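Protein chains in written order, with my numbering: chain S, 131 to 265; chain H, 131 to 265. Note sheet for the following structure.
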DNA sequence: CAAACTGTATCACTTCAGTAATACAACAGT
DNA sequence: ACTGTTGTATTACTGAAGTGATACAGTTTG
């Protein structure tokens, strides 16, 4: 599994991991049921403390992205997050609000935002080999 | 100017101020050229240290929302942020990506996201007196 | 020029987020 | 049962973020 840590990006390591795994799942490059590297293995690979990986995995589990089986390992969860639709909608609403306020601040029109979203969605759904610059 | 601080929300005071002022500008309730309360006055009103307000105003100035005139006060900036379009697009792209990944994680389809955005935009653009629950 | 107002700068205190070292507990396979 | 693998828990260090006390530096205006 390809995960890259950018040391002094300001973004904490465990969060970089969380985000990248979410990307991988969202784009289908990690499939439900698939096993993730064990905490220690990934820790060694990325040269960080196992606790840091453990934390990332814990967050991913809370978010419903991943499922931990006691002594067997960590796996991509079967379906989407088990949160109630109402909860999810509330969360999504907050995100959308943030986005719209920022966009408005930056002087973008609604149409531009919508167009941009369709473009990015397209990119996310059809990840080609060339296209992996996510920063 | 109506700003409310929720003490232990986890969100730092200066950020709450920044966000609320951005909302007020984005929704047109604060107009370009309008003067903000002086640092000390707002500090007293909100019962926080003047430094905290100063910080909020500084961030807003950096973001291009606000303009400080040495000894005259702080005012809503005339036009949108002066950032180059390219910069703004890059920022917006990041936000959009985040949103889409989260939405996908939560099991939402593109159409639902788009619809939601149009709803929220409508709310932001037409703020009625009754409609000021932004949390 | 003194008083009253702007925003600014410096420094110190406190808390907490991020990370690490290290020891623990459960299960699988030989 | 032993060994090696999981993930877990406890504790401690460190640096940065958030806030505050307090002093500074320009304008305006009486």
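Positions of the beta carbon are idealized from the N, C-alpha and C atoms, including for glycine. Everything numeric in this text was worked out from a predicted model, so none of it was measured.
Roughly how far, in whole angstroms, is the beta-carbon of residue 151 of chain S from the beta-carbon of residue 160 of chain S, given that I think they are within contact range, below 8 Å?
Correct: roughly 7 Å between the Cβ atoms.
Okay, do the stretch 240 to 247 of chain S and the stretch 178 to 192 of chain S touch, 3+ Cβ pairs below 8 Å being the bar?
Verdict: no, contact absent.
With 16 as the cutoff for other CB atoms within 10 Å, does residue 218 of chain H come out buried or exposed?
Buried is the call here.
Check residue 135 of chain H in the structure and name its three-state DSSP category.
Coil, per DSSP.
How about residue 131 of chain H: is its C-beta nearer than 8 Å to some C-beta of chain S?
Interface residue (Cβ-Cβ distance to chain S less than 8 Å): residue 131 of chain H is not classified as such.
Contiguous beta strand (DSSP E) assignments of at least 3 residues, all confined to the stretch 159 to 200 of chain S:
Taken in chain order, the unbroken stretches of beta strand (DSSP E) that lie wholly in the stretch 159 to 200 of chain S and span 3 residues or more are 196 to 199.
Beta-carbon neighbours of residue 223 of chain H, restricted to chain S and to distances below 8 Å
Near residue 223 of chain H (Cβ distances below 8 Å), the residues of chain S are 246 and 250.
Who are the Cβ neighbours of residue 173 of chain S in its own chain at under 6 Å, not counting the five residues just before and after it?
In chain order, 180 and 183 place their CB closer than 6 Å to the CB of residue 173 of chain S, counting only its own chain and leaving out the 5 sequence neighbours on each side.
So, is the C-beta of residue 191 of chain H closer than 8 Å to a C-beta in chain S?
No, no contact with chain S.
Would residue 132 of chain S be called buried (16 or more neighbouring beta carbons within 10 Å of its own) or exposed?
By the 16-neighbour rule on beta-carbons within 10 angstroms, residue 132 of chain S is exposed.
In whole angstroms, what separates the C-alpha of residue 235 of chain S from that of residue 223 of chain H?
Roughly 14 Å between the two C-alpha positions.
Find out if the Cβ-Cβ distance for the pair residue 144 of chain S, residue 185 of chain S is shorter than 8 Å.
Yes. Within cutoff.
Could you tell me which residues DSSP pairs with residue 205 of chain H in its beta bridges?
Residue 205 of chain H is bridged by DSSP to H:165 and H:197.
For residue 244 of chain H and residue 158 of chain H, I'd like the C-alpha separation in whole angstroms.
The C-alpha of residue 158 of chain H is placed about 23 Å away from the C-alpha of residue 244 of chain H.
Is the beta carbon of residue 207 of chain H sitting closer than 8 Å to the one on residue 231 of chain S?
No, they are not a contact pair.
Determine which residues of the stretch 156 to 175 of chain S have a Cβ less than 9 Å from any Cβ of chain H, and write them out in chain order.
Residues of the stretch 156 to 175 of chain S with a C-beta less than 9 Å from any C-beta of chain H: 156 and 157, listed in chain order.
Return the CA-CA distance between residue 204 of chain S and residue 167 of chain S, expressed in angstroms with no decimal places.
So the two alpha carbons sit approximately 7 Å from each other.
First and last residue of the alpha helix (DSSP H) that includes residue 226 of chain H?
For residue 226 of chain H, the enclosing alpha helix (DSSP H) begins and ends at 215 to 235.
I want to see whether chain H comes within less than 8 Å of residue 139 of chain S, judged by CB atoms only; does it?
No, residue 139 of chain S lies away from the interface with chain H (no Cβ there is under 8 Å from its Cβ).
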